[in-house]
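Reviewing the structure listed below.
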Amino acid sequence: MYVAVKGGEAAIDNAHRLTAEERRGDTGIPSISVEQIASQMGLAVDRVMNEGSVYDPDLAALAIKQAQGDLVEAIFLLRAYRSTLPRFGASEPIDTSGMAVRRRISSAFKDVPGGQILGPTYDYTHRLLDFTLAAEGQEPAAIRADAPIDANLPRVTDVLGREGLLEAERPGDAEPGDITREPLTFPADRDVRLQSLARADEGFLLALAYSTQRGYGHSHPFAGEIRMGEVTVEIVPEELGFPVEIGEITLTECQMINQFAGSEEAPPQFTRGYGLAFGQAERKAMAMALVDRGMRAAELGETVEAPAQDTEFVLAHADNVEASGFVQHLKLPHYVDFQSELELIRRLRAKFDTAEPVDMAAE
Amino acid sequence: MSTGYNFAYLDEQTKRMIRRGLLKAVAIPGYQVPFASREMPLPYGWGTGGIQVTAAILGPEDVLKVIDQGADDTTNAVSIRRFFARVAGVATTERTDEATIVQTRHRIPETPLAEGQILVYQVPIPEPLRWLEPRESETRKMHALADYGSMHVKLYEDIARHGAIATSYDYPVMVDGRYLMRPSPIPKFDNPKMDMNPALQLFGAGREKRLYAVPPYTPVKSLDFEDHPFTVQQWDEHCALCGSADSFLDEVITDNQGGRMFVCSDTDYCGRHRAPHDVSSAP
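Protein chains in written order, with my numbering: chain A, -1 to 361; chain B, 525 to 807.
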């Protein structure tokens, strides 16, 4: 029996081989290619890039393939790879007002300058399983507009901001923090809070955001603007001293506008919650914006009482690479600790069993 | 050795950052130093803190031993040892006295460590006050003020309720009379080995992003009361394989009727205490 706790080496190898075989599945069916995943499972790729904190659709697609479609595992693969990458520098701040917009909506106004642009969305689709997809039907083709979308679409929040009814964003002088270089400490400022939320688990954020809509830290939100499209990324190489464009990335940005009655710290006005995500990730960006606003409670003089307002609770538990690892580490052997507890329980139990019986009726 | 990655996986900048953290930890025994922990290719909770510490201090000449639950052949110990053999190409050993670095989860080897050796602990939760106060912002203040009354109250309540302190592993210690420290989930049986140990003891918590240390020959005292002194686990049985009466024993269930045997948790110690002609590990 003693061998049962020994000899992991061969067993581990065999388990990995079995996993590889199961990942491949039926060899009578062609293997799915990384290109197919990158081009046909784009929303999964976007989620993995967001939470994996690396903008690289091909690597994310590879991670999804390697993880058998388990997105949390794929996120972990990409994060672990990220640790090995040297850092050449930081980009200039991106400007989402210059975004090449493919989708842009506001639910706060019936119409906005530049119009409501639906773009690609599952909103308003009837969620009926489409059996023609299973039958590999014809290739769909979208109808394109005659003219390109205005290259300069002002953000809805900027329009509202001019009236002074929406709190102004205050640009800080300090360099933004970076939780991948300096560990998160509490209290955490909004820059590192937003960075944490950007890589946070979508499901966790969604549930927290939902809780703010159900009375746990009510923040009365309106979707001021959601926009999705491409923005350029620039860096300033030290040897040049001026910004050069290094590429473009797809982003989804959500500006939530929240009703606010005012407090001792701030006048009555609309306040902001902000969400930004790689790729097409509207659910994530909206949830992020709601939770961002939730965590601003203390700053705005609101009572901090709901989970989504509790910065330390939210940020310490939002990372699914951390959470998944620690929950699953319970699979590791714990028999030394368990043995210690057995010994303790046996001792306490012996004492309990020999003790005078307590007369319950007399109490 | 696997190419394509830097020696011991992490890049040199990251290793320097971790070593700076470790130097600070050694300078303030028992104090938790925050560090920018990296994602490792092994999951959080599976030893990423210990792995990062080992990666940061490892040199090509080092001889590495990795144990989990005291054993070299448990799955996670095998996995971590292989990781370093793969990304650093270092020599590995199962013998405690041959190793320059011993990375451990949940045990301190029975064989006494010597000067020059380094024991690297994998730490899941570094904060000794965590079950009493979940907020990091509060516990850091409590450490700054050496405000450890709540821990003594907790231990006192154990005694009032159970007649004994009901903590059998991860038993809190005071390091050098200043910082309350979690020894990681080692059984309290191992706590006395930390005290005045000639080896350097380093602790890494990857997910929680903390490093701490007990330098060689540092006093480490398990918390107790004058009338309830600290004691360690004892067994009525001896090891069924080597006969040892003074090592930590694991209980192994041997049949469906609940029959059991007790064997050393430290496989290297057990193997070397067996009669020289007995090379089989099976009972």
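All C-beta atoms in this analysis are idealised placements derived from N, C-alpha and C, irrespective of residue type, glycine included.
Computed from a predicted structure; not experimentally measured.
Min CB distance residue i to chain B below 9 Å
i: residue 242/A; result: no
i: residue 23/A; result: no
i: residue 89/A; result: no
i: residue 63/A; result: no
i: residue 190/A; result: no
i: residue 99/A; result: no
i: residue 345/A; result: yes
i: residue 358/A; result: Residue placement at residue 358/A cannot be trusted, given a pLDDT of 49 that sits under 50; what the coordinates show is reported in the next sentence. It does not: the Cβ of residue 358/A has no partner Cβ on chain B nearer than 9 Å.
i: residue 327/A; result: yes
i: residue 335/A; result: yes
Distance between beta carbons of residue j and residue i, contact taken as under 8 Å
i: residue 590/B; j: residue 604/B; result: 5 Å
i: residue 197/A; j: residue 81/A; result: Between residue 81/A and residue 197/A the Cβ distance is about 14 Å, and since that is not below 8 Å, they are no contact.
i: residue 533/B; j: residue 731/B; result: Actually they are not in contact, since the Cβ atoms of residue 533/B and residue 731/B sit about 17 Å apart, beyond 8 Å.
i: residue 266/A; j: residue 276/A; result: About 35 Å; that fails the 8 Å criterion.
i: residue 566/B; j: residue 575/B; result: 6 Å
Proximity test, Cβ basis, 9 Å: residue i and chain A
i: residue 660/B; result: yes
i: residue 829/B; result: The requested residue 829/B does not occur in the structure, where chain B is confined to residues 525 to 807.
i: residue 604/B; result: no
i: residue 746/B; result: no
i: residue 554/B; result: no
i: residue 542/B; result: no
i: residue 537/B; result: yes
i: residue 688/B; result: yes
i: residue 569/B; result: yes
i: residue 803/B; result: Because residue 803/B carries a pLDDT of 48, less than 50, the predicted location of this residue cannot be relied on, and the following value inherits that uncertainty. So no, residue 803/B is outside the interface.
i: residue 683/B; result: no
i: residue 607/B; result: no
i: residue 716/B; result: no
i: residue 705/B; result: no
i: residue 780/B; result: no
Assigned secondary structure, residue i (DSSP; H/G/I helix, E/B strand, else coil)
i: residue 97/A; result: coil
i: residue 64/A; result: helix
i: residue 52/A; result: coil
i: residue 140/A; result: coil
i: residue 791/B; result: helix
i: residue 233/A; result: strand
i: residue 83/A; result: coil
i: residue 108/A; result: coil
i: residue 533/B; result: strand
i: residue 331/A; result: coil
i: residue 210/A; result: helix
i: residue 735/B; result: strand
i: residue 103/A; result: strand
i: residue 70/A; result: helix
i: residue 724/B; result: strand
i: residue 361/A; result: Low confidence applies to residue 361/A: its pLDDT is 42, below 50, so where it sits in the model is not reliable enough to give any reading.
i: residue 299/A; result: coil
i: residue 305/A; result: helix
i: residue 337/A; result: helix
i: residue 729/B; result: strand
i: residue 248/A; result: strand
i: residue 253/A; result: strand
i: residue 261/A; result: coil
i: residue 324/A; result: helix
i: residue 194/A; result: helix
Chain-order list of residues whose beta-carbon lies under 8 Å from that of residue i (same chain, five-residue window excluded)
i: residue 115/A; result: 99, 100, 101, 102, 103 and 147
i: residue 622/B; result: 587 and 589
i: residue 776/B; result: 784, 785, 786 and 787
Cβ neighbours of residue i in the same chain (closer than 6 Å, five flanking residues each side left out)
i: residue 703/B; result: 554 and 555
i: residue 268/A; result: 163, 164 and 255
i: residue 49/A; result: 73 and 197
i: residue 302/A; result: 295 and 296
i: residue 594/B; result: 631, 789 and 790
i: residue 708/B; result: 645 and 647
Own chain partners of residue i with C-beta closer than 7 Å, once the 5 adjacent residues on each side are dropped
i: residue 722/B; result: 637, 638, 639, 740 and 741
i: residue 42/A; result: 62 and 69
i: residue 136/A; result: none
i: residue 279/A; result: 44, 45, 48 and 250
Worksheet entry | alpha helix (DSSP H) runs wholly inside the stretch 562 to 634 of chain B, at least 4 long, in chain order | For the stretch 562 to 634 of chain B, whole alpha helix (DSSP H) runs of length 4 or above, ordered along the chain, are 572 to 581 and 599 to 611.
Worksheet entry | Completely contained alpha helix (DSSP H) runs for the stretch 161 to 188 of chain A, where each covers 4 or more residues | none
Worksheet item: Hey, which unbroken runs of the alpha helix (DSSP H) at 4 residues or more fall wholly within the stretch 630 to 700 of chain B?
Response: 660 to 668 and 673 to 686
Fill in: Contact residues within the stretch 574 to 602 of chain B, judged by C-beta distance below 9 Å to chain E
Looking for chain E here will not work: the only protein chains present are A and B.
Worksheet item: Enumerated in chain order, which unbroken segments of the alpha helix (DSSP H) with a length of 4 residues or greater are wholly contained in the stretch 9 to 44 of chain A?
Response: 32 to 38
Fill in: Segments assigned beta strand (DSSP E), at least 3 residues, entirely inside the stretch 748 to 795 of chain B
773 to 777 and 784 to 788
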